[in-house]
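Residue numbers 578 to 902, in this note's numbering, belong to the letters of the sequence shown in order. Ideal Cβ placement from N, Cα and C applies to all residues, glycine included. Bear in mind that the values here come from a model prediction, so they are computed numbers and not experimental data. Note sheet for the following structure.
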Amino acid sequence: MPDNDHRIDVRDWSLLALLSILWGGSFFFNGAALRELPPLTLVFLRVALGAAMLLPLLRAHGIGFPKSWAGWAPFFAIGLLNNVIPFSLIVIGQTFIPSGLASILNATTPMFTVIVMITAGEEALQMRRLAGVALGLAGVILLRGWGFETRPGQGLGILLCLGGALSYGFAALAARRLLQDAAPLGTATFQLMASTVMIAVVAGVVEQPWQLPMPSLTTWLAVLGLAALSTALAYIVFFQIVRRSGASNVMLVTLLIPVTAILLGWLVLGEPISGREIAGAIVIGSALLVIDGRAFSLLCKLSAAISGSREALRCETEKRGPNPR
């Protein structure tokens, strides 16, 4: 993993776009499955099925399991911070607030990540990145609207989703410190396996899922989509970006999720795009350019080149002396 993960290349921007589609679908799948399943049971099914889907790939690539508790410990830490806590908080939060508002609150993840990294001494304070994250969050709010509805427990739902976003920030810190050289496929599988063990205990004690009635086919399809696309495949992409561009940059995906959701609605469902949504997408794109920094570097180089040309022209004029009339 790079020491200074402030730049993203074209391939990683493409992976971020793909990840935003995969994770954006999780809000839809959650909303559908929560009609018949309690939240912790849904999280258990998500991580357990996701891990089961990755195990054959793990064997096909010849990746072995960790052989000691010391080898498993980093994956339990990542699983707790990246799956068990945020999945549970966000899914429970979605029982109090709409999915659209939950996705906006999820977009605070890059801001929490930057704050956690700076506080932990992993990154230097850069006003450009802080400003870019704040601008991106403003773009998400403009694009989606606040989405507030008057309903009981809404304040609790907001706090739970913000807690999930904060947990993702700590997960980014743990990924940087504990998983620098781990293979993305192995990391994705092992942290889901560790998450399955932890959430199985919690869901078993709190919700006793074995006593629930059998869900409908629609609910099972939502669970399978959540496990296969928004979990198994998404985490392979996630840890690939972490390895290539760093833990802070991968969290920028939460700014892209609302944009891709609206674009998918337009392309697949024929939903119209409003002027507000276009403006929000432009603001988010500008924020990502600010965070990446290369646009500023290009402008600085261009400015320096122009200034240098002017300086050279001024020196040449001084050598020749004043122009006679």
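Would DSSP call residue 641 helix, strand or coil? coil
Excluding five sequence neighbours on each side, which residues of the same chain lie with their C-beta closer than 7 Å to the C-beta of residue 766? 628, 631, 632 and 635
Sort 718, 741 and 860 by Cα distance to residue 828 and report the nearest one. 741
Is residue 598 closer than 8 Å to residue 837 when the C-beta atoms are compared? yes
Where does residue 582 fall in DSSP's three states? Reliability of the predicted coordinates at residue 582 is poor, the pLDDT of 45 falling under 50, and no value is obtained from them.
The alpha helix (DSSP H) that contains residue 651, what's its start and end? 646 to 656
For residue 823, which three-state DSSP category applies? coil
Report the rounded CA-to-CA distance for residue 814 versus residue 666, giving the unit in angstroms. 23 Å
Contained alpha helix (DSSP H) runs [length at least 4] in the stretch 702 to 789, N- to C-terminal order: 704 to 721, 731 to 755 and 761 to 783
Which residues in the same chain as residue 738 place their Cβ atom closer than 6 Å to its Cβ, once the five residues preceding and following it in sequence are excluded? 667, 670, 679 and 682
Give the C-beta separation of residue 747 and residue 693 to the nearest angstrom, bearing in mind that I take them to be a contact with Cβ-Cβ under 8 Å. 6 Å
Closer than 6 Å by C-beta to residue 582: which residues in its own chain qualify, once you throw out the five before and the five after it? Chain order, please. Note that residue 582 scores a pLDDT of 45, beneath 50, so its modelled location is shaky; the value from the coordinates is reported in the next line. Hits under 6 Å: 822, 823, 825 and 826.
Considering only the alpha carbon of each residue, which of 662, 756, 601 and 716 lies closest to residue 860? 716
With a threshold of 8 Å, are at least 3 pairs of Cβ atoms found where one atom belongs to the stretch 764 to 781 and the other to the stretch 654 to 661? yes
Let me confirm a value: residue 664 is counted as buried when at least 16 other C-beta atoms fall within 10 Å, else exposed. Which label applies? buried
Ignore the nearest five residues each way along the sequence and tell me which others in residue 901's own chain have a CB closer than 7 Å to its CB. Note that residue 901 scores 45 on pLDDT, short of 50, meaning its location in the model is unreliable; the coordinates nonetheless yield the value given after this. So the list is empty, once near-sequence residues are dropped.
Minimum C-alpha distance to residue 817 - residue among 759, 804 and 781: 759
Can you confirm whether the stretch 604 to 618 touches the stretch 775 to 791 when touching is taken to mean that 3 or more C-beta pairs between the two stretches lie within less than 8 Å? yes
To which residues of the same chain is residue 714 closer than 7 Å at the C-beta, ignoring the five residues directly before and after it? 684, 685 and 688
Since residue 674 is in the alpha helix (DSSP H), which residue starts that stretch and which ends it? Run containing residue 674: none; DSSP gives neither H nor E here.
Leaving out the 5 sequence neighbours to the left and right, which residues in its chain are closer than 6 Å to residue 763 when beta-carbon positions are compared? 640
Closest to residue 736 by CA distance: which of 673, 625 and 706 is it? 673
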